[in-house]
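Below: one structure, written as C-alpha cells.
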Amino acid sequence: MKMELNLPKDTTVSINNGTISVKGPKGELSRTFNLAGITAEQKDSKVIFMSDATRKKNRAYLGTVIAKTRNMIKGTTEGYQYKLRAVFKHFPMNITVQGNALNIKNFMGEKRMRKARIFTGAKVEIDEKDITVSGIDIDIVSQTAASFEMATRLTGRDRRVFQDGIFITKKGR
Numbered sequence: 596m597k598m599e600l601n602l603p604k605d606t607t608v609s610i611n612n613g614t615i616s617v618k619g620p621k622g623e624l625s626r627t628f629n630l631a632g633i634t635a636e637q638k639d640s641k642v643i644f645m646s647d648a649t650r651k652k653n654r655a656y657l658g659t660v661i662a663k664t665r666n667m668i669k670g671t672t673e674g675y676q677y678k679l680r681a682v683f684k685h686f687p688m689n690i691t692v693q694g695n696a697l698n699i700k701n702f703m704g705e706k707r708m709r710k711a712r713i714f715t716g717a718k719v720e721i722d723e724k725d726i727t728v729s730g731i732d733i734d735i736v737s738q739t740a741a742s743f744e745m746a747t748r749l750t751g752r753d754r755r756v757f758q759d760g761i762f763i764t765k766k767g768r
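Letter by letter, the sequence shown follows residues 596 to 768 in this note's numbering.
Right under this line is the structure:
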C-alpha cells in the first residue's frame, strides 16, 4: 500500500527515527510514531508512506499516521480555530482567562468558580459571549475547546429547560 501527501509551498517535512517534524509559516510541530512496518520518505514536494503489510490493523495504523501528518501540515500552514459561545438565560456568566485556566464565575448562579484547563499551545480570546480558541496543533485546540464545554456540563437536569453553558459553534478553520 502506498500513499502520498502533497506539501504546500513554504512547508518542509523531516522524518527521523519515527519522528515526523513539519515546519511551516505558522510554526513547527513534531510527533513520534511507531513506524514499524511503515517506510516514510520525502521526495521533492511530496511525502510518501509505504507499507507491505496487508493486515487490516496495519493498514488502519498507516491511515492514522497519514491523517495525523496531514493535520500537522494543515496546522503549520493555516492553523486551527474553534469558536464557542457562552449561553445563559438568567444568571450572566463572567468568563476570564487567568494563566493556563479559563475561570467561569456565576454559572447558573453558583457561588463557586468553575475552571477549565487551557492546554499549552492554544491561544484563547474572549469577546463578551464569544470565545475563540486557536493554534497550530488540532489536538491541543480541540481538547482545550472540549474542556471549556465540559466545565459547564450539567448532569441531572433537563437540558430542554436548563440551556446554560459554553458550546462549540464552529470547528476547524
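Glycine included, every Cβ here is placed at the ideal spot set by N, Cα and C.
Close beta carbons around residue i, own chain, < 8 Å, minus the five adjacent residues each side
i: E599; result: K641, V642, I643 and F644
i: I668; result: L600, L602, P603, T606, V608, V617 and G619
Nearest to residue i (by Cα), restricted to the options the options
i: R712; options: G730, N701 and Q693; result: Q693
i: A681; options: I763, R650 and A648; result: I763
i: L782; options: A717, N689, I731 and T649; result: Because the chain is modelled from 596 through 768, residue 782 falls outside the range shown and cannot be assessed.
i: A696; options: D722, R626, S742 and T672; result: S742
i: G767; options: Y675, I661 and T614; result: Y675
i: I735; options: N666, I615, A635 and R752; result: N666
Neighbour-count burial assignment, residue i, 16 or more Cβ in a 10 Å radius
i: L749; result: exposed
i: F686; result: exposed
i: T664; result: buried
i: A655; result: exposed
i: A631; result: exposed
i: G704; result: exposed
CB contact flag (residue i, residue j, <7 Å)
i: T606; j: G619; result: yes
i: T739; j: V728; result: yes
i: I633; j: L657; result: yes
i: K597; j: K678; result: no
i: G670; j: I733; result: yes
i: I721; j: I690; result: yes
Reduced DSSP secondary structure (H/G/I, E/B, other) of residue i
i: R654; result: helix
i: I610; result: strand
i: S625; result: strand
i: T764; result: strand
i: I750; result: As written in the sequence, residue 750 is Thr, which differs from the Ile given in the question. Looking at T750 - three-state DSSP - the assignment turns out to be coil, as it is neither helix nor strand.
i: M596; result: coil
i: Q758; result: coil
Cβ neighbours of residue i in the same chain (closer than 6 Å, five flanking residues each side left out)
i: R709; result: I699, F702 and A746
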